[in-house]
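Here is the structure we will look at, set down as structure tokens.
In my numbering, the protein residues as written are 2 to 174.
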């Protein structure tokens, strides 16, 4: 299924999390431990395809996710979705603007050379708190090559269906 702007997330289908750690439930204290990347402070990452999840480890966790209001941080969405533009502009500049004006400013004032700085700002602890305060409960972002990834903020949003460990002995928590 291709995720579109009108249907950002499908709660009725399973998603996949790849890891090398052995565990039976997600624990917030281990958030970010698989990669340590800056964006992992937001929560737990899932893919819509098994092969994409397996890029992050040989143990495949299949789960239902309860995401009701994700913010879409894919590059094209940052510059096209008016409903989240005010929050993104406020995170970047500290200024509050009406949605339409914020989207225009994003498109006019953020150059290609500033995309790294943009994502650095969006992946801060402060931005995470602002996402939650604004009512967002997850993130849609890009894994690369137009493959989406989905982030849940809290372990309570994850219902594990299965864990496929195959013949792999992973590290235990």
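Every residue gets a Cβ at the ideal spot worked out from N, C-alpha and C, and that includes glycine.
Query, Result
"Beta-carbon gap between residue 184 and residue 64 smaller than 8 Å", "This structure gives no information on residue 184, because the portion of the chain shown stretches from 2 to 174."
"CA-to-CA distance, residue 125 to residue 103, given in whole angstroms", "20 Å"
"Option nearest residue 14 by Cα separation, candidates 94, 26, 151", "151"
"DSSP state of residue 86 mapped onto helix, strand, coil", "helix"
"Cβ-Cβ distance between residue 58 and residue 21 below 8 Å", "yes"
"Where residue 147 falls, given that 16 or more other Cβ within 10 Å makes a residue buried", "exposed"
"Proximity winner among 112, 49, 73, relative to residue 66 (alpha-carbon distances)", "49"
"DSSP three-state assignment for residue 112, whether helix, strand or coil", "coil"
"Residues that DSSP places opposite residue 20 in a beta bridge", "60"
"Proximity winner among 17, 73, 96, relative to residue 143 (alpha-carbon distances)", "73"
"Exposure of residue 97, with buried meaning 16 or more beta-carbon neighbours within 10 Å", "exposed"
"Start-end ranges of the alpha helix (DSSP H) lying completely within the segment 123-163, minimum 4 residues", "126-134"
"Inter-residue spacing [alpha-carbon to alpha-carbon] between residue 18 and residue 120", "22 Å"
"Nearest neighbour of residue 109, chosen from 79, 47, 75 [CA to CA]", "79"
"Opening and closing residue of the beta strand (DSSP E) in which residue 48 lies", "45-48"
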